[in-house]
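Number of protein chains: 2
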Amino acid sequence: MISEKMYELGTKKSTIRTIFEYGRKRALEVGEENIYDYSLGNPNVPAPDFIKQAIIDILNEMDPCDVHGYTVAPGNPKVREILAKDINNRFGTHFTGKNLFITSGAAGAITIAFKALSEPNDEFITFAPYFPEYKCFVESVGATLKVVPAKIDDFQIQFDEFEKMITPNTKAIIINSPNNPSGVVYSEATIKQLAQILTDKSNEYGHPIFLISDEPYREIVYDGAFVPYIPNYYANSIVCYSYSKSFSLPGERIGYIVVPDEVADFDKVYGAVAGAARVLTHVNASSLFQLVVARCAGKPSNIAPYEENRNLLYNGLIEAGFKCVKPEGAFYLFPQSLEPDDYAFCKKAQEYDLLLVPGTDFGCPGHFRASYCIKRETIEKSLPIFKKLAQEYKNK
Amino acid sequence: MISEKMYELGTKKSTIRTIFEYGRKRALEVGEENIYDYSLGNPNVPAPDFIKQAIIDILNEMDPCDVHGYTVAPGNPKVREILAKDINNRFGTHFTGKNLFITSGAAGAITIAFKALSEPNDEFITFAPYFPEYKCFVESVGATLKVVPAKIDDFQIQFDEFEKMITPNTKAIIINSPNNPSGVVYSEATIKQLAQILTDKSNEYGHPIFLISDEPYREIVYDGAFVPYIPNYYANSIVCYSYSKSFSLPGERIGYIVVPDEVADFDKVYGAVAGAARVLTHVNASSLFQLVVARCAGKPSNIAPYEENRNLLYNGLIEAGFKCVKPEGAFYLFPQSLEPDDYAFCKKAQEYDLLLVPGTDFGCPGHFRASYCIKRETIEKSLPIFKKLAQEYKNK
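Quick mapping for you: the protein sequence lines, in order, are chains A and B.
Per this note's numbering, residue 1 is the first one in the first sequence, and the count goes up by one each step.
Per this note's numbering, residue 1 is the first one in the second sequence, and the count goes up by one each step.
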């Protein structure tokens, strides 16, 4: 009577959602202040004042028909020019508006890229730990997602495993750096090696393998970490960006796809992006927020609160005896669980009202994700609890 | 290398777009004021002041994290409650927030409904003249669109032709009233007869046939015309709504789907809607505009300028000798072309700088669409030109 597949996708709760909802119920029993909810990746830094000011200025200065009217499908041409220049200023690229397609956030951008590229029997490859919605998005366009196991000592890439997975059916690789859930940034050496392998394999198979860079966390980096801009390292790159994190606008669904001129057969790829956006009905992202991000292009992200949280939680966990790769970006820690079964570990942590997400959900068992985009006081209060939890494991 | 199908969809220009772009070029040659562009259905009435005020109030009163944060996938629960109450007030229904799923405009709503419902070999049926994107949306979910020929005397429904087209594979019927391109509103008698046939056929085949009502023009009606609210006439209805026209917010992509409790297997249908929204990455429509439409729920649409334009253009065309069903809604006229070949007619009109869209593009040859959501002065200036064009045909 209906699509059973869609029903399943719409009703099967994710582990994250289940944990979060448990936390809401539990908070009613024991009080909000006694729940340490590290489950959701929802920015807790408010959108900067310049966003509010930009909205008000636009409403006061412009004709409402221009503010709220349809834009052309790829987005307001002036906005695309401004965003292209901003990218060029920062990364030394040479894009113009015609390289950009404005989308409803990064999720919209990624599904459009998948749909634009995929032909029957296509395979996409990503690297554990990875954002679990990739699998659902890739499968929804009729392709297959293959996952390279995690390199758990530093969460860079296991290149030998990766090379074994590439086949003539490999359409594209998806990377996400700074990474959700590990917080790790791929080093320049990693990107160079990745680009070399893809160049060699593309030559071997006689068709391009695309590199899709999903980078909503690009600006959320600490200690001056360098995040290589992918099109500067590999020609057949597609960048998927969102302002959800950098400007704390996750609910406004505003981002873009970059298709560089260097991509093999640019017109075909950009045309296919436009077609995919059309059938996914993602043409014309919010016209007001297109104008807002153009006015605010180049303005800084407020990362200080996240960096403080990272330091506090990372140092606290290390002190409590956890092992964790120190992340340079995003707002997640991805430590090893204190027993190999990460589900059992997270269940145990839940007894202490510490709400953590099992690494298995990100394709990386034996770990857990802690989202630290929460109140500093919650982290402070949780540190002795993490110690107690660790103590219980030591006493076993 | 890429999806050829997506490339085709993204690069093949629609007739409307081709005509519009011709108009832009032609305006550079002869001056904007000498082009009578009736091609686009873009609201020219600005968003009402209460929209601007609502945005500013929300920004001043609320925490930015609440304004711009993620909402749950079906949309802000409080917003859904308010919108449900507004619908109940107007149409005597009894919806709550759980019957609504907020979407990125009506296009998003329609594709979600199609994707949620369709199984392999499904057929959808609509009535000419119809919005041409339906075909593209239906085919993109792997189903087939069948089109019942137009009833050209009044643009209601040819029920005998319709009944012949229904098969056990018919999943849903799509109606659009007030209609794009005819402007006609389906009468209560039409809706009752449609509901009766669907009830009978559902019983005959032993499964429900859904009725999807695409109604972005619901509030754009004249002469006090009555637009029946479909769930009051047929249980298995799904309503797709958008604020694009009623509040002149086409660029903000804000609308909703209604799944009434009366729908067979409500939980399954609503669940499938959620799944389809997920893979089409339409979860969480703009969080700011969710709040805005909730604050403005029940406020009136400014239809006076459209009604004036309708009267001016309709009377002018009748006086010039055109035949046209007088429309009661939307902002389109759909008169007969002055020769059977509507493409040839629109080409001839173009020589007079009258930019009209051939009816064939809406599944209804021998007609043309004139979108009158344009400046009143343009219509005034164009009337003598329409007369000249009609005179040329008379002199033939």
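Backbone N, C-alpha and C fix where the C-beta goes; we use that ideal spot for every residue, glycine too.
Note to self: I need the boundaries of the alpha helix (DSSP H) containing T111/B, first residue and last residue.
What the structure shows: 105 to 117
Notebook entry, point to check: Cβ of I56/B within 8 angstroms of Cβ of V292/B?
Noted result: The Cβ atoms of I56/B and V292/B do not sit closer than 8 angstroms to each other.
Note to self: What are the residues in the region 222 to 238 of chain B lying within 8 angstroms of chain A by C-beta distance?
What the structure shows: none
Note to self: Our contact map puts C240/B next to I257/B with C-beta atoms below 8 angstroms; I'd like the distance itself, whole angstroms only.
What the structure shows: 6 angstroms
Next item on the list: List in chain order: all unbroken alpha helix (DSSP H) runs of 4+ residues lying wholly within the region 338 to 377 of chain B.
Entry: 342 to 351
Margin query: With a threshold of 7 angstroms on Cβ separation, who are the neighbours of D223/A within its own chain once the five nearest residues in sequence on each side are excluded?
Written below: E328
Notebook entry, point to check: Does the separation of the CB atoms of L463/A and F124/A fall below 8 angstroms?
Noted result: In the structure as shown, chain A begins at 1 and stops at 396. Residue 463/A is therefore absent and cannot be evaluated.
Margin query: In whole angstroms, give me the CA-to-CA distance for M1/A and P120/B.
Written below: 11 angstroms
Item checked: Partner residues on chain A for K323/B, Cβ-Cβ distance less than 8 angstroms -> Chain-order list of chain A residues neighbouring K323/B: empty, with the shortest C-beta distance near 31 angstroms, by a criterion of under 8 angstroms.
Note to self: Which residues does DSSP list as the beta-bridge partners of Q336/B?
What the structure shows: H367/B
Checklist line | Delimiting residues of the alpha helix (DSSP H) encompassing I19/B | finding: Per DSSP, the unbroken alpha helix (DSSP H) holding I19/B starts and ends at 15 to 30.
Checklist line | Proximal residues of chain B, C-beta to C-beta of C240/A below 8 angstroms | finding: Under the 8 angstroms cutoff, chain B gives no residues; its nearest Cβ is about 11 angstroms from C240/A.
Notebook entry, point to check: So, helix, strand or coil for G298/A, using DSSP?
Noted result: coil
Check: If the cut is a Cβ gap below 7 angstroms, which residues of chain B does R24/A touch?
Finding: Per Cβ cutoff of 7 angstroms: no residues; R24/A is ~11 angstroms from chain B at best.
Next item on the list: Run the proximity test for K299/A: is its beta-carbon closer than 7 angstroms to any non-hydrogen atom belonging to the ligand MG?
Entry: Only the bare structure without any ligand can be found here, which leaves the ligand MG out of the picture.
Check: Quick one: Cα of E29/A to Cα of Y243/B, how far?
Finding: 41 angstroms
Checklist line | Alpha-carbon to alpha-carbon, Q290/A and F247/A | finding: 13 angstroms
Check: Cβ of D63/A less than 8 angstroms from any chain B Cβ?
Finding: yes
Check: G97/A by DSSP, collapsed to three states: which one?
Finding: helix
Checklist line | Contacts of P216/A in chain B (Cβ-Cβ under 8 angstroms) | finding: Residues of chain B with a Cβ closer than 8 angstroms to the Cβ of P216/A do not exist, since the nearest Cβ in that chain sits about 13 angstroms away.
Next item on the list: Starting from the Cα of E204/A, find the closest Cα among I173/A, N169/A, D214/A and give me that residue.
Entry: N169/A
Next item on the list: Determine which residues of the region 103 to 118 of chain A have a Cβ less than 7 angstroms from any Cβ of chain B, and write them out in chain order.
Entry: Here the close residues are S104, A107, G108, T111, K115, A116, L117, S118.
Next item on the list: Starting from F20/B, find everything on chain A with Cβ-Cβ shorter than 9 angstroms and list it in chain order.
Entry: Here the premise fails: no neighbours, minimum Cβ distance about 10 angstroms.
Note to self: Short of 7 angstroms Cβ to Cβ, which residues in the region 265 to 279 of chain A face chain B?
What the structure shows: D265, K268, V269, G271, A272, V273, A274, G275, A276, R278, V279
Next item on the list: State the start and end residues of the unbroken beta strand (DSSP E) segment that holds A172/B.
Entry: 170 to 175
Checklist line | Residue from R90/A, L40/A, A113/A whose Cα sits closest to the Cα of S14/A | finding: L40/A
Check: Out of curiosity, what's the CA-to-CA distance linking K388/A and E308/A?
Finding: Distance between K388/A and E308/A, taken at the CA atoms: about 23 angstroms.
Next item on the list: Using a Cβ-Cβ cut-off of less than 7 angstroms, list which residues of the region 34 to 45 of chain B approach chain A; keep chain order.
Entry: N42, N44
Checklist line | Alpha-carbon spacing of K78/A relative to G97/A, whole angstroms | finding: 8 angstroms
Margin query: If we define contact as Cβ-Cβ less than 8 angstroms, is C296/B a contact residue for chain A?
Written below: no
Next item on the list: Within the region 33 to 108 of chain B, note down every full alpha helix (DSSP H) run reaching 4 residues or more, in order along the chain.
Entry: 49 to 61, 64 to 68, 77 to 91
Margin query: Assuming the contact rule is C-beta atoms closer than 8 angstroms, C346/B and F334/B should be a hit. Round their C-beta distance to whole Å, please.
Written below: Rounded, the Cβ-Cβ distance is 13 angstroms, inconsistent with contact.
Check: Should P208/B be labelled buried (16 or more other beta-carbon atoms within 10 Å of its own) or exposed?
Finding: By the 10 Å Cβ count, P208/B comes out buried.
Check: Below 8 angstroms between beta carbons: does that hold for A235/A and A116/A?
Finding: no
Check: Is the CB-CB distance between G10/A and V273/B below 8 angstroms?
Finding: yes
Checklist line | the region 345 to 360 of chain A in contact with the region 378 to 393 of chain A per 3-pair CB rule at 8 angstroms | finding: A contact exists between the region 345 to 360 of chain A and the region 378 to 393 of chain A.
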